[in-house]
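If you read the sequences in order, they're chains P and L. Numbering-wise, the numbering used here puts 71 at position 71 of the first sequence, and it's gapless, one number per residue. Numbering-wise, the numbering used here puts 233 at position 233 of the second sequence, and it's gapless, one number per residue. Beta carbons are placed, not taken as given, at the ideal position from N, Cα and C, and that holds for glycine. In what follows, a single structure is set out as structure tokens and then discussed.
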Amino acid sequence: MANRITFCFAVVLAAVYLYAAGRFPALHLSDPLGPQAFPRLLGIGLLLSAAGLLAETLRAGKPGSPAGEGKAQGAGRCYAVVVGAVIWTALYFAAFEWLGYAISTSIYLLALMAYFRPGKWMSNGLTSVLYSFGSYMIFKKLLLVALPAGFLPF
Amino acid sequence: METLNHILNGFTVALQPINLWYTLVGCFLGTVVGVLPGIGPAAGIALLIPVTYGMNPGSALIMLAGIYYGAKYGGSTTSILIRTPGESSSVMTCIDGYAMALKGRAGAALAVSAIGSFIAGTIGVLGLTLFAVPLAAMAIEFGPAEFFTLMLFAMTAVASLTGRSLPKGLLSMFLGLMLATVGIDLQSAYPRYTMGVLELQEGISFVIVAVGLFAVAEVLQGLEMLVRGTAPDVIRISGKLWLTREEWRRSIGPIWRGGILGFIIGVLPGAGSTIASILSYTMERKLSKHPEEFGEGAIEGVAGPESANNSDTAGALVPLLTLGLPGGAVTAVLLGAFIMYGIQPGPQLFKEHPEVVWGLIDSMYVGNIMLLILNLPLIGLFVRLLYIPRAMLYPLIVAIAVIGIYSVNGSVVELYMLLFFGVAGYLLNKADIPITPLVLGLVLGDLLEQSFRQALTLSDGSLGIFFSSRITVTLVLLTAVSILWPLVFSRMKALKRLTTAKSGD
């Protein structure tokens with residue numbers, strides 16, 4: 001299944017990529033090829049690789065078995081957790097400049113640690129806060145890295 | 001004579017207190033990266049590149065290289081104590097190293113791994129010292145056509161050797177090359193695939209892609225593993241951290257053989273240290289008078305592979321430094337670092353920046369000594385890292401990556417790009433598509449296109465230029481072989497299986 005999805009993705013990507021390459025102007029200023037020739041070769045290369053993958057998949061036979069499907073169902077929670085972590089990270093980035101590095105990072109770390117290490121409030125809290133504020137002071141004050149202060153006065 | 005002077009000058013650079021400090025920091029961090037399962041040297045180096053922006057390039061490269069070979073030392077610790085390779089090339093050490101630990105010989109396994117790494121690492125650096133200059137001198141005659149075919153060969157070799165499927169390797173390579181075309185075209189100044197986004201005009205930042213694909217993707221993978229299961233138990237270090245006379249006698253041959261084999265494998269593009277350690281293990285089992293002991297705690301099964309994967313690192317630096325050609329993920333990340341510091345590895349590097357390149361090579365002699373000290377008396381300190389809960393470690397890695405990426409341009413858009421490439425890396429792993437060819441394509445893409453277009457400009461558009469010299473013809477043939485060999489090999493295996501099945505009937 002994964003191979004078939006990869007094949008479809010590669011074909012769509014190659015089509016979009018080749019279409020965009022076709023819209024580049026044919027500027028033959030110093031070289032006989034212009035800016036569109038190399039991307040065209042790459043688009044064709046991607047299509048050929050996708051075709052090779054499809055051929056390999058078809059030759060390998062039918063994918064998936066009842067046991068495999070059961071395993072995939074069991075993996076549902078794992079993927080949900082990963083999707084949740086990705087969304088949480090995106091929210092962290094959205095609040096990054098507004099809340100500031102130290103506060104947003106503390107909240108981000110604390111939430112993740114609380115989920116994956118439930119019940120260890122003391123060590124989770126201390127690690128989150130000490131790391132966030134410690135790294136903020138080191139990078140901002142000592143190494144002069146421009147991290148956002150957000151609500152902090154310093 | 002001139003080379004000898006450069007080597008000696010390199011030592012004056014490497015032995016400067018500041019560079020000794022950075023060597024130590026690199027080796028220490030490398031060992032940490034090696035010990036922590038799931039975080040490889042490519043991720044470790046990519047995470048640290050932004051921190052090194054303000055540093056002297058020579059010192060920064062000394063530190064980053066220290067992480068590279070230091071990780072090989074640390075990788076064996078987890079293989080021996082928790083049967084999980086801290087670094088992919090330590091996978092073979094899991095077999096006999098762990099079996100030795102179960103028998104109460106963890107100390108001897110760790111000792112032979114550190115001593116073998118030290119001896120083989122030094123063999124590798126000696127090889128690098130001896131072969132780098134002749135190879136660079138040969139490559140100085142290369143024109144755009146030679147460079148194009150050379151890069152093409154390196155990339156197809158990596159694409160066909162990494163992962164289990166040739167089409168997937170090639171697909172990954174083309175994705176990397178396509179990413180490299182984003183930004184303003186250097187010859188026509190026309191913006192390509194920028195979609196009007198200002199941040200994309202200068203191209204996609206290599207650091208963002210590397211940190212995303214290696215570090216963030218590994219974190220997502222690690223979080224998934226946390227939900228799936230529990231962390232393995234750590235075996236306590238037992239027995240003296242030294243070898244008996246008999247263990248010495250049995251180890252010294254595998255160490256030398258592994259050292260030489262690893263260096264040769266390292267020079268070849270695509271093969272990598274994992275293949276070096278697998279080949280070394282196979283060779284030692286074949287040469288052994290007691291092959292039945294392999295898998296049950298044979299010290300040769302630790303000494304050989306651990307030596308091979310260490311000398312491989314120095315071997316991999318030969319094509320990187322002399323031809324500007326990375327043969328794997330870590331050297332691709334290192335090449336990206338070189339380019340960001342404004343230094344182009346290749347034949348001219350030894351003429352234009354002798355202090356940087358020889359300082360780097362000579363620092364590896366010093367680094368190997370430091371690593372021996374770090375990995376024998378101080379091994380207990382590193383073992384404690386194995387007790388850090390991964391549920392704490394993974395979120396912290398994201399936070400470190402955020403500092404690194406944000407500190408470069410202060411852009412939140414780049415943080416979103418980081419997350420995008422992290423998710424992309426996770427999905428590529430799920431689809432069993434190797435990441436190394438993608439990174440290689442991204443790093444070499446610009447150079448590949450430039451040499452392609454320069455070669456065709458010289459030939460007035462004739463593709464015949466790629467068949468005009470013995471070097472280009474050889475490289476084109478090697479490229480064809482690297483693509484066709486996996487197909488022929490799988491066909492041969494299928495035929496063999498068929499024959500065996502028929503004879504069984």
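Go ahead and label Ala2/P buried or exposed: buried means 16 or more other beta carbons lie within 10 angstroms of its beta carbon, across all protein chains shown.
Working through the first sequence from its first residue, we reach residue 2/P at position 2. Flag for Ala2/P reads exposed.
Using the beta-carbon count (16 or more within 10 Å), is Asn5/L buried or exposed?
What you label residue 5/L is simply residue 5 of the second sequence in a count that begins at 1. By the neighbour-count rule (16 or more Cβ atoms within 10 Å), Asn5/L is not buried but exposed.
Among residues of its own chain, excluding the 5 on either side of Gly441/L, which ones have a beta-carbon nearer than 6 angstroms to its beta-carbon?
Position 441 of the second sequence, counting from 1, holds the residue named residue 441/L. Once the five neighbours on either side are set aside, the close Cβ partners of Gly441/L are Met173, Gly176, Leu177.
Listing by chain order, which chain P residues have their CB less than 8 angstroms from the CB of Ile39/L?
Locating residue 39/L in the second sequence gives position 39, where the first residue counts as 1. Here the premise fails: no neighbours, minimum Cβ distance about 17 angstroms.
Given a threshold of 16 other Cβ atoms within 10 Å of its Cβ, counted over all protein chains shown, does Tyr426/L qualify as buried or as exposed?
The residue given as residue 426/L occupies position 426 in the second sequence. With 16 or more other Cβ atoms within 10 Å, it is buried.
Using only the alpha-carbon positions, how far apart do Val86/P and Ile299/L sit?
For the purposes of this step, residue 86/P is taken as residue 86 along the first sequence, with counting starting at 1. For the purposes of this step, residue 299/L is taken as residue 299 along the second sequence, with counting starting at 1. Roughly 44 angstroms separates the two Cα atoms.
Which whole runs of the alpha helix (DSSP H) in the region 458 to 505 of chain L are 4 residues long or more, in chain order?
You should have 470 to 504.
Using a beta-carbon distance cut-off of less than 7 angstroms, what residues from the region 172 to 206 of chain L approach chain P?
So the close ones are Phe174, Leu177, Met178, Thr181, Asp185, Gln187, Ser188, Tyr190, Arg192, Tyr193.
Rounded C-beta distance between Gly107/L and Leu241/L? I'm assuming under 8 angstroms.
Here residue 107/L refers to the residue found at position 107 of the second sequence. Here residue 241/L refers to the residue found at position 241 of the second sequence. Indeed, because the Cβ distance is near 4 angstroms, the residues count as touching under 8 angstroms.
Measuring CB atoms only, is the region 60 to 67 of chain L touching the region 395 to 409 of chain L, in the sense that at least three cross pairs come out at less than 8 angstroms?
No, because fewer than three Cβ pairs between the region 60 to 67 of chain L and the region 395 to 409 of chain L fall closer than 8 angstroms, the two stretches do not touch.
Tell me whether Tyr108/P is buried or exposed, calling it buried when 16 or more other Cβ atoms sit within 10 Å of its Cβ.
Taking the first residue of the first sequence as position 1, residue 108/P is located at position 108. When all chains shown are included, Tyr108/P counts as buried.
Cβ of Gln221/L versus every heavy atom of the ligand HEM: is any distance shorter than 8 angstroms?
As far as ligands go, the structure on display features none, and thus does not contain the ligand HEM.
Can you tell me whether DSSP reads Gly295/L as helix, strand or coil?
Locating residue 295/L in the second sequence gives position 295, counting from the first residue. Gly295/L falls in the coil class under three-state DSSP.
Which chain P residues are close to Ser165/L, counting only those with a beta carbon under 8 angstroms from its beta carbon?
Residue mapping note: residue 165/L aligns to position 165 of the second sequence, counting from 1. Here the neighbours are Leu53, Glu56.
Return no unless some Cβ of chain L is closer than 9 angstroms to the Cβ of Gly61/P.
Residue mapping note: residue 61/P aligns to position 61 of the first sequence, counting from 1. No - not a single Cβ of chain L is within 9 angstroms of the one on Gly61/P.
Looking only at C-alpha atoms, which of Tyr136/P, Ser106/P, Thr89/P, Gln36/P sits nearest to Asn124/P?
Walking along the first sequence from the start, residue 124/P turns up at place 124. It is Ser106/P.
Residues of chain L with a CB under 8 angstroms from the CB of Tyr17/P: which are they?
As a first step, residue 17/P must be located in the first sequence, where it is residue number 17. Neighbours of Tyr17/P on chain L, chain order: Met178, Tyr193.
Round the Cβ separation of Val481/L and Phe467/L to the nearest angstrom and send it over; I've been treating them as touching at under 8 angstroms.
As a first step, residue 481/L must be located in the second sequence, where it is residue number 481. As a first step, residue 467/L must be located in the second sequence, where it is residue number 467. No, Val481/L and Phe467/L are not in contact; Cβ-Cβ is about 16 angstroms, not under 8 angstroms.
For a test of the three-state rule: what should DSSP assign to Gly183/L, helix, strand or coil?
In the second sequence, residue 183/L corresponds to position 183, counting from 1. Note: Gly183/L maps to strand in three-state DSSP.
Report the residue from Ser205/L, Gln201/L, Tyr73/L, Leu223/L whose alpha carbon sits nearest the alpha carbon of Met113/P.
The residue you call residue 113/P lines up with position 113 of the first sequence. Closest by alpha carbon: Leu223/L.
In or out: Trp121/P buried (at least 16 other Cβ within 10 Å) or exposed?
The sequence position of residue 121/P within the first sequence is 121, counting from 1. Flag for Trp121/P reads exposed.
Would the region 319 to 328 of chain L count as touching the region 416 to 430 of chain L if we require 3 or more Cβ pairs under 8 angstroms?
No, the region 319 to 328 of chain L does not touch the region 416 to 430 of chain L.
Using the beta-carbon of each residue, which ones in chain L are nearer than 7 angstroms to Ala10/P?
Walking along the first sequence from the start, residue 10/P turns up at place 10. Within 7 angstroms Cβ-Cβ: Leu171.
Which class does Arg236/L belong to by DSSP, given the choice of helix, strand or coil?
Walking along the second sequence from the start, residue 236/L turns up at place 236. Arg236/L: coil per DSSP, three-state reduction.
When you compare the CB positions of Leu393/L and Leu29/L, do they come within less than 9 angstroms of one another, or not?
As a working note, residue 393/L is residue 393 in the second sequence. As a working note, residue 29/L is residue 29 in the second sequence. No, they are not a contact pair.
Rounding to the nearest angstrom, what Cα-Cα distance links Ala42/L and Tyr22/L in this structure?
Against the second sequence, residue 42/L aligns to sequence position 42. Against the second sequence, residue 22/L aligns to sequence position 22. C-alpha separation (whole angstroms): 18 angstroms.
Would you verify that the beta carbon of Glu146/L is, or is not, closer than 9 angstroms to some beta carbon of chain P?
On the second sequence, residue 146/L is found 146 positions in, with the first residue counted as 1. Not an interface residue.
What does a CB cutoff of less than 7 angstroms around Phe11/L pick up in its chain, not counting 5 residues either side in sequence?
On the second sequence, position 11 is the one that residue 11/L refers to. Contacts found: Asp362.
Kindly say whether Val82/P, judged by its beta-carbon, lies nearer than 9 angstroms to any beta-carbon of chain L.
One-based indexing of the first sequence puts residue 82/P at position 82. It does; some Cβ of chain L falls within 9 angstroms.
I'd like the span of the alpha helix (DSSP H) that includes Trp242/L, first residue to last.
In the second sequence, counting from the first residue as 1, residue 242/L sits at position 242. First-last for Trp242/L: undefined, no H or E at that position.
Below 8 angstroms on C-beta distance, what does Gly34/P contact in chain L?
Here residue 34/P refers to the residue found at position 34 of the first sequence. Result: Ser188.
By Cβ distance, which residues of its chain are closer than 6 angstroms to Pro148/P, with the 5 residues on each side in sequence left out?
On the first sequence, residue 148/P is found 148 positions in, with the first residue counted as 1. Glu97, Gly100, Tyr101, listed in sequence order.
Please list the partners that Pro153/P has in chain L, where partner means a Cβ-to-Cβ separation under 9 angstroms.
Residue 153/P sits at position 153 when you count from the first residue of the first sequence. Near Pro153/P there are no residues of chain L at all, since even the closest Cβ is about 20 angstroms away, more than 9 angstroms.
List the residues of chain P whose Cβ lies closer than 7 angstroms to the Cβ of Arg228/L, in chain order.
In the second sequence, residue 228/L corresponds to position 228, counting from 1. Chain P residues near Arg228/L: Cys78.
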